[in-house]
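Please read the structure below before turning to the comments.
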Amino acid sequence: MTAQAVETEDLATVIGLEVHVQLETDTKIFCGCSTEPSDEPNTNTCPVCLGLPGALPVVNEAAVEAAVKLGKAIDAEIPEETTFHRKNYYYPDLPKNFQITQYDAPVCRDGTLSFSVEGERRSVGIERAHLEEDPGSLQHVGGSIDTADYTLVDYNRAGTPLMEIVTEPDFRSPGEVRAFLAKLTEVLEYLGIFDATRDGSLRVDANLSIVDADEVGDDGDIDENVLTSANRTEVKNISSHKGAEKALAYEETRQKNAIQRGRAVEQETRHWDESKGVTLSMRSKEAEKDYRYFREADLPPLEVRDWKEKLSIPELPDARRERFQAEYGLSAEAADKLTSTKEVADFFESVAEQFDPGLAATWVADELLGELNYRDMEITDVSDRFDEIERLVELVADDEITAKNARETVLRGMLDDGERPDDVVESEGLGKTSGDEVQQAVEAAIDENPDAVEDYHSGEDGAINFLVGQVMQKTGGSADPGDVNQLLRAELEG
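With my numbering, you'll find the sequence shown wraps up at 505, consecutive numbering, no jumps.
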């Protein structure tokens with residue numbers, strides 16, 4: 012935009028993403044080195060990933076399969092043939108001084124990913140998804156990238172398979188970006204090609220421009236000439252959904268403030284400093300010609316058309332969400348929770364096969380996920396104890412313990428102390444009180460609390476809750492509160 016003062020309400024935000032995801036493969040993309048993290052630097056390396064003279068790359072088949080699966084999931088065009096190129100630039104973490112990537116013949120192009128944000132459905136175009144190798148990693152000692160005393164290079168990560176997913180500039184707010192990244196992560200995990208728990212497994216470069224609001228159509232489209240003429244900044248070092256929203260909210264405000272004051276926005280690359288919550292200028296933004304792309308002569312063209320036909324993909328989260336609502340009669344909210352990850356959805360279906368689906372949904376979506384979230388835990392943290400959690404649901408289903416005790420004592424004891432459900436029930440004496448014992452406790456509570464009885468007959472609703480509490484106290488919390496309420500009303504009305 013031109014350097015003249017403009018009111019912020021006359022401005023619109025345009026964002027496009029380049030999302031780099033680490034693919035779940037056992038070995039690197041062009042050699043046989045392990046992709047498992049190592050505490051010892053520069054040990055998972057070989058002549059290929061170090062770029063030594065004479066070393067020849069060989070494509071990892073699993074990485075290509077992962078890219079094709081994503082292409083099918085986003086309904087992208089998958090060509091008959093794909094090729095690799097060299098992207099030339101100089102940086103300490105790039106041992107060859109070029110990166111093997113893809114240029115004009117990516118594995119996937121022209122796809123779409125839909126997601127929900129603030130209750131509305133949005134679709135974003137996926138321009139391309141291509142394979143490339145990860146550079147090494149830089150360790151800034153004594154500070155951050157701009158304040159470190161010195162920097163060390165670890166090439167263990169060099170050659171790790173990445174898929175770069177490039178979107179169209181279809182985002183109009185940082186919140187949309189966060190929602191999109193959450194949905195993309197969900198799809199990648201369902202496909203089994205990505206592990207979000209790995210450090211650095213997702214990295215985002217975001218391009219943000221500010222344009223005149225009247226250049227944006229009612230459908231959100233913007234003329235290509237407007238985008239070309241607008242200066243944009245590329246924000247790097249974003250590694251989470253939340254971080255993307257924060258970084259872009261800051262950058263959006265920074266650019267709008269500059270334009271409002273009549274200052275020009277520089278076209279540059281900026282670094283997101285998570286600790287300070289600001290973006291910092293790194294360098295002027297490179298143009299495509301600066302990378303001097305040319306074909307990688309050591310890798311022949313790769314035919315991928317047949318892979319699209321032979322590879323199958325699992326049921327994706329949107330389809331599974333709709334099926335859960337139709338098959339199990341779940342609410343949209345419950346179905347959302349139960350399909351948040353493939354592990355959660357799989358476990359729910361395992362429980363629903365054995366017990367009432369409504370009970371299974373309550374215990375997985377509300378009780379289990381709620382307690383895990385409170386402890387900052389994931390479903391994968393208890394995946395080796397699914398049989399114990401199913402046993403807990405069985406105890407509730409068979410009316411052996413109350414739901415309250417199951418949640419507040421047994422489940423919490425399992426998560427906090429590693430105990431087994433039956434052991435907690437026995438040690439805490441949580442077995443349900445017999446019907447005769449509950450009836451005796453009801454009669455005793457009525458006899459011992461005449462004032463509460465009188466209040467009940469006077470129409471005070473709180474009186475019945477008091478009497479329920481007295482019965483629960485007498486039974487050590489092992490009676491069902493709903494049953495107690497009914498028994499008390501029967502006695503009082505009899």
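Each residue gets a CB set at the ideal place from its N, CA and C atoms; glycine is no exception.
Entirely enclosed beta strand (DSSP E) segments - the stretch 133-183, minimum 3 residues: 148-152, 161-165, 172-178
Separation of P180 from T13, as counted between CA atoms: As a first step, residue 13 is located in the sequence shown; it is residue number 2 there, counting from the start. As a first step, residue 180 is located in the sequence shown; it is residue number 169 there, counting from the start. Bear in mind that the predicted position of T13 carries a pLDDT of just 48, short of 50, making it too unreliable to give a figure here.
Beta strand (DSSP E) runs wholly inside the stretch 277-322, at least 3 long, in chain order: 279-284, 289-295
Where A217 falls: helix, strand or coil (DSSP): Along the sequence shown, read from residue 1 onward, the residue named residue 217 stands at position 206. The answer is strand: DSSP assigns A217 an E or B state.
Beta-carbon spacing of R209, S250 below 8 Å: Along the sequence shown, read from residue 1 onward, the residue named residue 209 stands at position 198. Along the sequence shown, read from residue 1 onward, the residue named residue 250 stands at position 239. Going by C-beta atoms, R209 is not nearer than 8 Å to S250.
Bridge partner(s) assigned by DSSP for T244: On the sequence shown, residue 244 is found 233 positions in, with the first residue counted as 1. Note: T244 sits in a beta bridge opposite L219, E279.
8 Å Cβ cutoff met for A87 and D121: Along the sequence shown, one-based indexing puts residue 87 at 76. Along the sequence shown, one-based indexing puts residue 121 at 110. Cβ atoms of A87 and D121: closer than 8 Å.
Boundaries of the beta strand (DSSP E) in which D206 is found, first to last residue: Within the sequence shown, the letter at position 195 stands for residue 206. Run containing D206: none; DSSP gives neither H nor E here.
Per DSSP, the bridge partner or partners of C119: In the sequence shown, residue 119 corresponds to position 108, counting from 1. DSSP output for C119 lists A140 as bridge partner(s).
R1 and A356 closer than 8 Å at C-beta: In the structure as shown, the chain begins at 12 and stops at 505. Residue 1 is therefore absent and cannot be evaluated.
Residue range of the alpha helix (DSSP H) that includes K353: Walking along the sequence shown from the start, residue 353 turns up at place 342. First-last of the alpha helix (DSSP H) with K353: 353-363.
Range of the contiguous beta strand (DSSP E) that encloses A23: As a first step, residue 23 must be located in the sequence shown, where it is residue number 12. Run containing A23: 22-33, per the beta strand (DSSP E) assignment.
K247 beta carbon near the ligand ZN (any heavy atom closer than 7 Å): No copy of the ligand ZN occurs in the structure displayed, which carries no ligand at all.
Local conformation of N99 per DSSP, three classes: One-based indexing of the sequence shown puts residue 99 at position 88. Residue state, collapsed to three classes: strand.
For F397, the first and last residue of its enclosing alpha helix (DSSP H): Walking along the sequence shown from the start, residue 397 turns up at place 386. It spans 397-408 - the alpha helix (DSSP H) in which F397 sits, taken as one unbroken run.
S45, DSSP secondary structure in three states: By 1-based counting over the sequence shown, the position of residue 45 is 34. Here S45 sits in strand by DSSP.
Euclidean distance between Cα positions of S134 and G82: Against the sequence shown, residue 134 aligns to sequence position 123. Against the sequence shown, residue 82 aligns to sequence position 71. Taking the straight line from one Cα to the other gives about 16 Å.
Endpoints, beta strand (DSSP E) assigned at T112: Taking the sequence shown and counting its residues from 1, one reaches residue 112 at position 101. Unbroken beta strand (DSSP E) run through T112: 109-112.
Assigned secondary structure, S125 (DSSP; H/G/I helix, E/B strand, else coil): Against the sequence shown, residue 125 aligns to sequence position 114. If DSSP states are grouped into helix, strand and coil, S125 belongs with the strands.
Spatially closest choice to A169 from E91, L192, P58, R265, by CA coordinates: The count along the sequence shown starts at 1 and reaches residue 169 at position 158. Ranking E91, L192, P58, R265 by Cα distance to A169 puts P58 first.
Supposed contact pair L61 and P106 - C-beta distance, whole angstroms, cut 8 Å: Reading the sequence shown from its first residue, position 95 is the one you call residue 106. Reading the sequence shown from its first residue, position 50 is the one you call residue 61. Yes, they are in contact, since the Cβ atoms of P106 and L61 sit about 5 Å apart, within 8 Å.
Minimum Cβ-Cβ distance from A343 to chain C less than 8 Å: In the displayed structure, chain C is absent; only one protein chain is listed.
Reduced DSSP secondary structure (H/G/I, E/B, other) of V59: The sequence position of residue 59 within the sequence shown is 48, counting from 1. V59 falls in the coil class under three-state DSSP.
Residue interval of the alpha helix (DSSP H) (run including F335): Against the sequence shown, residue 335 aligns to sequence position 324. First-last of the alpha helix (DSSP H) with F335: 328-339.
Beta-carbon proximity of A404 to V436, cut-off 8 Å: Reading the sequence shown from its first residue, position 393 is the one you call residue 404. Reading the sequence shown from its first residue, position 425 is the one you call residue 436. In the sequence as presented, Ala is not what sits at residue 404; that position holds Val. Cβ atoms of V404 and V436: not closer than 8 Å.
Counterpart residues of E518 in DSSP-defined beta bridges: Outside the modelled stretch of the chain, which goes from 12 to 505, sits residue 518, for which no answer is possible.
Beta-carbon contacts of K319 that lie in its chain and below 8 Å, excluding the five residues immediately before and after: The residue labelled residue 319 in the question sits at position 308 within the sequence shown. Excluding positions up to five away in sequence, the list reads V79, G82, K83, I89.
Own chain residues within Cβ distance below 6 Å of N55, not counting five before or after: Here residue 55 refers to the residue found at position 44 when the sequence shown is read from its first residue. Here the set comprises C44, S45, S49, N167.
Sufficient close CB pairs (3 or more, under 8 Å) joining the stretch 458-465 to the stretch 417-434: no
Beta-carbon contacts of H252 that lie in its chain and below 7 Å, excluding the five residues immediately before and after: Position 241 of the sequence shown, counted from the start, is the residue given in the question as residue 252. Hits under 7 Å: R189, L192, A193.
Sequence-distant residues of its chain with Cβ nearer than 7 Å to Y201 (five each side left out): Position 190 of the sequence shown, counted from the first residue, corresponds to residue 201. P325, L327, P328, K353, listed in sequence order.
Counterpart residues of I324 in DSSP-defined beta bridges: By one-based count along the sequence shown, residue 324 stands at place 313. Partner(s): none; I324 has no beta bridge.
Outcome for E333 when other beta-carbon atoms lying within 10 angstroms are tallied against a minimum of 16: Numbered from 1 along the sequence shown, position 322 holds the residue referred to as residue 333. Counting Cβ neighbours within 10 Å, E333 comes out exposed, since fewer than 16 surround it.
Exposure label - V152; buried when at least 16 CB within 10 Å: Reading the sequence shown from its first residue, position 141 is the one you call residue 152. V152 should be labelled exposed.
Range covered by the alpha helix (DSSP H) that runs through G487: The count along the sequence shown starts at 1 and reaches residue 487 at position 476. No alpha helix (DSSP H) holds G487; DSSP gives it neither H nor E.
Backbone secondary structure at T54 - three-state DSSP: Start at 1 with the first residue of the sequence shown, and residue 54 comes out as number 43. If DSSP states are grouped into helix, strand and coil, T54 belongs with coil.
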